[in-house]
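Here the structure is laid out as structure tokens; the discussion comes afterwards.
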């Protein structure tokens, strides 16, 4: 019997090709994202150099734009921490309810308390993020 066309071998080949394709796509996406951030940082630094050399109302408005971008970035980071904290806390509550209903006589449901506390810590840390960068 020809082992090359065996269904188990074909499943293995399919999964192997799929894994290689997935991780190749992830690495290319990661590389292109890093490259884009590098270009943005380069152009922003170039603009800052030109602003340092220039004087006048155009320079002031550009500096105000940079301050606004920094404020928006910190606001998005704060909102991301809040959303992540709420999601993790809700997961902890759901885990506690699920384990409490699944295993009645044991306090194993308290393991969901750990996840809940991590979510609350994430949510609380969102208030430690400075709104105005120094």
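Residue numbers (my numbering): 53 to 186. All residues carry an ideal CB built from backbone N, CA and C; glycine is no exception.
Check: Exposure label - residue 148; buried when at least 16 CB within 10 Å; Outcome: buried
Check: Residue span of the alpha helix (DSSP H) that contains residue 177, given as start and end; Outcome: 163-177
Check: Residue 171 beta carbon less than 8 Å from that of residue 161; Outcome: no
Check: Residue 137 vs residue 84 beta-carbon contact at 8 Å; Outcome: no
Check: is_contact[residue 105, chain C] using C-beta, thresh 8 Å; Outcome: Going by chain labels, chain C is absent from the structure shown, which holds only one protein chain.
Check: Cβ-Cβ separation, residue 140 to residue 174 (assumed contact under 8 Å), whole Å; Outcome: 6 Å
Check: Alpha-carbon to alpha-carbon, residue 113 and residue 123; Outcome: 15 Å
Check: Residue of 142, 180 and 81 minimising C-alpha distance to residue 130; Outcome: 180
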